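Below: the structure, in structure tokens.
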Amino acid sequence: MVKNKQEFLSKEEEEVLKDLEKLAQLRESAGYKDLLLPFLQAKVKNSWVDPRKVTDKEAFFYEYATAWGWAQSAQELMDWIEQRYQERNRLRDKADGKEIEKNFAIGT
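Numbering-wise (our numbering), the sequence shown opens with residue -9 and increments by one.
Here it is in structure tokens:
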């Protein structure tokens, strides 16, 4: 007897998968790939302070902390989107019966 997709996922996993599909649509969109992702990557890679634009130590440290905060936030957001995308792929595989939970697999 072949199980349908819903039988491989719990109700909670089904709800999570629905939400992750929405996020995957965002990740795969041209707007994300062409605009948002390059912007975030630039914030991570170019998070330095131009010392010519600051007048004193206090302003320099403020600019430095702001640039560091942008870089951290941008990296965190990109990592979160990627992790959620991988989780979506795992749940899709589970829904298709491709993934067997290791706790219940025979011979593992």
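Cβ atoms here follow ideal geometry from the backbone N, Cα and C, with glycine treated the same way. Values in this document were obtained by computation on a predicted structure and should not be read as measured data.
With Asp83 as the anchor, note down where its alpha helix (DSSP H) starts and where it stops.
Its alpha helix (DSSP H) spans residues Lys47 to Ala85.
As a quick exercise: from Lys43, Leu67, Lys88 and Glu77, pick the residue whose alpha carbon is nearest that of Leu26.
Leu67
For Leu81 and Ser63, what's the separation of their Cα atoms in angstroms?
27 Å
Simplified DSSP assignment, three categories, for Lys33:
helix
Beta-carbon spacing of Leu10, Glu72 below 8 Å
no
Counting along the chain, where does the alpha helix (DSSP H) carrying Asp9 start and finish?
Lys1 to Glu18
If you reduce the DSSP assignment to three classes, tell me which class Lys43 lands in.
helix
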